[in-house]
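Since the structure comes first, as structure tokens, the remarks are kept for the end.
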Amino acid sequence: MDVTFESLGLSQAMLKALEQKGYGYPTTIQAEAIPYFMQWRDVIAKAPTGTGKTFAFGIPMIEHIDPALETVQGLILAPTRELALQIGDELRGLLTYFQGIRVAVLYGGAGIGGQIKQLERKPQIVVATPGRLMDHYNRKTIRLDGIQTVVLDEADRMLDMGFFKDVTRIIEKVKNRKNLGLFSATISQEVMTVSWMYQRDEVEITVEPKQEDRPDIDQFSLTCTPLEKAETTLRLIRTQGYERAMIFCNTKHMCQRLAEELQRAGLNCDCLHGDIRQSQREKTMQRYREGKVSILVATDIASRGIDVDDVDCVINYDIPEENEYYVHRIGRTGRARRKGVAWSLVSNFPEKAKLDEICKFCGFTVAPMCLGEDGTLTPEVVKTPAPPKRRFR
């Protein structure tokens, strides 16, 4: 029997919000995690990106909030401002039919004054990056003693980014915590350490990338020389009629250069990377979400926390350095049960070797293709190397 949101014992306000957003059935991670969170259990969950983790901890957190109390009761820590903003948006979407529950989002790289104003409105849920939360704590603009639930989203990445000390300090300051949730794509040594130090009698949930949860993405590669990459990208977008594309580069410099080249070629394009001011990045992201920008060129800093449901295709202009990055990049397309397509441009042997390693690691199949001048796509004939000639002495 299929688990439904009704069978999870959720309030009418929550069921109405989910129905309005068009969510009929919970994903695997939601069906497994929500009941434990509702019972205030500690949860450590390993789940791939795009499987609905935010609702898995967001729904029970909202259900546990007492709107009459004007203290912070739920805290979600995220590694990047993009992800923090995305979680904030998703929670506000769930709060449509609730009265008096407020959400604040705190992150670095933005003025602290506006965030202090948010905190003065007495939010019951705070989404924050660890560094900025510590800033507010040290300024005494936030109190942590009323928090009941703490969730670390993308815990592996957060701890990997050097936030270990901040995260453990924050958890220790939440004296009256009832439960702690750790959500992670991979369970790294640091995640295990935090679990061992702070979780009690925790429930372990592992969601394998099952067919129904796994985004439906066709994956292809194109071989070209390094100098042909920009032209190949342009031809691919134009001939295949992609209206919403994301292109990923490994460096800020390449990201900027490619965006400028595509703009010169007449594409409606913008870029996102770490050197761009935070306010500008938010504006760019907003314009992309609204469809005012059709092509987004980004580095991996932007590959997480971009939640746009209708991306036609993802292009790996550079093959990513890490296997996990590939999963996060291509996970930007094929969301919300739609079909997506991912292209990887291969221009030398190390890139080919890296893509082969990613396929092996993730269990993906990437089909090599040839792109004709007129946009016709044909499978690339992969030549099998001739056996080495034996030399007799």
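Be aware that the sequence shown starts at 852, since it is given in this note's numbering, and climbs by one per residue. Don't be surprised by glycine CBs; every beta carbon is placed ideally from N, CA and C. Model, not experiment: these values are computed from the prediction.
(request) List the whole-angstrom C-beta distance separating Ala907 from Ile880, where the pair is believed to meet the contact cut-off of C-beta under 8 Å. (result) 5 Å
(request) Name the residue from Gln1091, Leu926, Met1009 whose alpha carbon lies nearest to the alpha carbon of Leu1163. (result) For the sequence presented, residue 1163 should be read as Asp rather than Leu. Nearest option by C-alpha distance: Gln1091.
(message) My output table needs one value for Leu995: the three-state DSSP class, helix, strand or coil.
(response) coil
(request) Look at Ala1006 and Val977 and say whether their C-beta atoms are less than 9 Å apart. (result) no
(request) Would you list the residues sitting across from Met1097 in a DSSP beta bridge? (result) Leu1147, Val1165
(message) Are the CB atoms of Ile1146 and Asn1119 within a distance shorter than 9 Å?
(response) yes
(message) Just to confirm the assignment, what range does the beta strand (DSSP E) spanning Gly925 have?
(response) 925–928
(request) Can you tell me which of the three DSSP states Asp1067 falls into? (result) strand
(request) Please state if the CB of Gly909 and the CB of Leu945 are separated by a distance shorter than 9 Å. (result) yes
(request) Taking Val854 and Gly1032 to be in contact with their CB atoms under 8 Å, please state how far apart those CB atoms are, rounded to whole angstroms. (result) Not a contact, Cβ separation roughly 19 Å.
(request) Pull up the DSSP beta-bridge partners for Gly1032, would you. (result) Val894, Val1002
(message) Using a Cβ-Cβ distance cut-off of 9 Å, determine whether Glu1111 contacts chain B.
(response) In the structure shown, chain B does not exist; there is a single protein chain.
(request) List the DSSP bridge partners of Thr1229. (result) Cys1221
(request) For Glu1063, count neighbouring Cβ atoms within 10 angstroms of its own Cβ and tell me buried if that reaches 16, exposed if not. (result) Below a pLDDT of 50, predicted positions are generally treated as unreliable, and Glu1063, at 48, falls in that range; the measurement from the model is reported next regardless. Burial call: exposed.
(message) Suppose you measure from the CA of Pro911 to the CA of Ile885; what does that come to, to the nearest Å?
(response) 6 Å
(message) Is the separation between the beta-carbon of Ala1116 and that of Ala898 shorter than 9 Å?
(response) no
(request) Measure the CB-CB distance between Thr947 and Ala896 and report whether it falls below 9 Å. (result) no
(request) Look up Asp1121 in the DSSP assignment and give the residues it is bridged to. (result) Leu1147
(message) So Asn1174 and Cys1213 are supposed to be a Cβ contact under 8 Å. How far apart are they, rounded?
(response) 6 Å
(message) Please list the terminal residues of the continuous alpha helix (DSSP H) segment that includes Ile963.
(response) 963–971
(message) Is the separation between the beta-carbon of Gln937 and that of Gly997 shorter than 9 Å?
(response) no
(message) So the candidates are Thr900, Val1144, Thr905, Lys872; which of them puts its Cα closest to the Cα of Phe888?
(response) Thr905
(message) Using C-beta distances below 6 Å, list every residue in its chain close to Leu859, excluding the 5 sequence neighbours before and after it, in chain order.
(response) Ile885
(request) Note down, in chain order, each residue of its chain lying with its Cβ closer than 8 Å to the Cβ of Asp1121, except the 5 sequence neighbours on either side. (result) Ala1110, Thr1135, Arg1138, Tyr1139, Val1144, Ile1146, Leu1147, Val1148
(request) Using alpha carbons as the reference points, say which of Tyr988, Val1058, Asn1030, Gln1040 lies closest to Tyr1049. (result) Asn1030
(request) For Tyr876, count neighbouring Cβ atoms within 10 angstroms of its own Cβ and tell me buried if that reaches 16, exposed if not. (result) exposed
(request) Specify the secondary structure class of Thr1057 as computed by DSSP and reduced to three states. (result) strand
(message) I'd like the span of the beta strand (DSSP E) that includes Ile1088, first residue to last.
(response) Looking at the DSSP string, Ile1088 is not in any beta strand (DSSP E); the run it does join, the alpha helix (DSSP H), is 1080–1091.
(message) I need the straight-line Cα distance from Met1220 to Asp1161, nearest angstrom please.
(response) 24 Å
(request) Counting only the same chain and skipping the five closest in sequence on each side, list residues whose C-beta sits under 6 Å from that of Ile967. (result) Thr992
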